[in-house]
Amino acid sequence: MEFILPFDLMNHDVAGLTFAVGDGEPTPLSLRYGVHLRSPERMRTDNAVVRQQWQRRWAALKQHGITVHAWREADTRRLRAWQIALAGEADRTAVLLDAPTGAPALEALKAAIAEGLGPAVWDRRGVFKGERREVVTAVFAAVAMPVQLPSVIRSMRLNAESGAEDAVQYLARNVGFLWDDPTRVVDFQTTDPGDLASEEHRHGCTGAHDPRRLPGLPGHGQRSGHAVRAVPAAALASFQGRSTRARAVGRPGDGMPPCGPRRCHRVPARV
1 MEFILPFDLM NHDVAGLTFA VGDGEPTPLS LRYGVHLRSP ERMRTDNAVV RQQWQRRWAA
61 LKQHGITVHA WREADTRRLR AWQIALAGEA DRTAVLLDAP TGAPALEALK AAIAEGLGPA
121 VWDRRGVFKG ERREVVTAVF AAVAMPVQLP SVIRSMRLNA ESGAEDAVQY LARNVGFLWD
181 DPTRVVDFQT TDPGDLASEE HRHGCTGAHD PRRLPGLPGH GQRSGHAVRA VPAAALASFQ
241 GRSTRARAVG RPGDGMPPCG PRRCHRVPAR V
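Residue numbers (UniProt numbering): 1 to 271.
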């Protein structure tokens, strides 16, 4: 499941959002799906240089594997030098940084995206401390093929939810994960939050403003293990400050039609 979020929502715990199936207890999205973030700014750009750099870094990732360009507290006052170093090292294919909530780390994430990097990992709690960085670096080193990284992150989250208490799983509960693949650009259109009710009425779907429902989840009968949902910021914003209990919407047999691609909230999907 992909969440296409603006920078000010990048640190939201989308993997921890919960939803219930039928009458079962709400469970985190990360138990049922691989969950990662994407950048709408880069996906929407018509800047040819930005797109070329994105493609080149992704090709380097596939060819050379995961090579980290790290951001640390010491880099706070030298962002320009940090970005120049990244620009000059074409084999750097991923970035580790602090939570992108404050200006320095957020600007570093923007710089990494501008330089074409697709993967980024951070500690949502704030400063990405040295011992935690070592855990992630070890995980990166153990990944045989870069394309496996989303599955590895998902496995870490699954183990964390199962009650494991080692350093890897403790970190997994708090990891932010950007995985922005230039070969899979989503054609999406955001919806203004004020238009959600009219969208639902027009398409016969419900649940946009019900905090118990998470819009855009695959309906019953879909191959959820293979579903890719791109959730725009408008959909996520309806959960800010509310309960994250949610239910899959548009299940056949429950009296309302499935919310298909380009319909409810214009949430695009590929199954």
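We put the CB at the ideal spot given by N, CA and C, even for glycine.
Item                                                                                                                                                                       : Value
Is it true that the CB of residue 157 sits closer than 9 Å to the CB of residue 20?                                                                                        : no
Where are the alpha helix (DSSP H) runs, 4 residues long or more, that stay fully inside the region 17-90, in chain order?                                                 : 40-44, 48-64, 79-87
So residue 67 packs on residue 91, CB below 8 Å; how close in whole Å?                                                                                                     : 5 Å
Nearest to residue 31 by alpha carbon, out of 187, 129, 172, 184?                                                                                                          : 172
By DSSP, does residue 107 sit in helix, in strand, or in coil?                                                                                                             : helix
If you draw a straight line from the C-alpha of residue 47 to the C-alpha of residue 53, how long is it?                                                                   : 10 Å
Quick one: what's got a C-beta closer than 6 Å to residue 140's C-beta in the same chain, skipping five residues either side?                                              : 66
From the DSSP secondary-structure annotation, give me the bridge partner or partners of residue 95.                                                                        : 69, 120
Quick one: what does DSSP say residue 177 is sitting in, helix, strand or coil?                                                                                            : strand
Which residues in the same chain as residue 106 place their Cβ atom closer than 7 Å to its Cβ, once the five residues preceding and following it in sequence are excluded? : 7, 100
Cutting at 6 Å between CB atoms, please list the residues of its own chain near residue 82, excluding the five before and the five after it.                               : 75
Mind checking residue 23: buried by the 16 CB within 10 Å criterion, or exposed?                                                                                           : exposed
So, is residue 78 buried or exposed, given that buried needs 16 or more other C-beta atoms within 10 angstroms?                                                            : exposed
Among residues of its own chain, excluding the 5 on either side of residue 174, which ones have a beta-carbon nearer than 7 Å to its beta-carbon?                          : 123, 124, 125
State yes or no: is the beta carbon of residue 38 nearer than 9 Å to at least one beta carbon in chain B?                                                                  : The structure shown has no chain B; it contains just one protein chain.
Assign residue 38 to buried or exposed, taking buried as 16 or more other Cβ atoms, counted over all protein chains shown, within 10 Å of its Cβ.                          : buried
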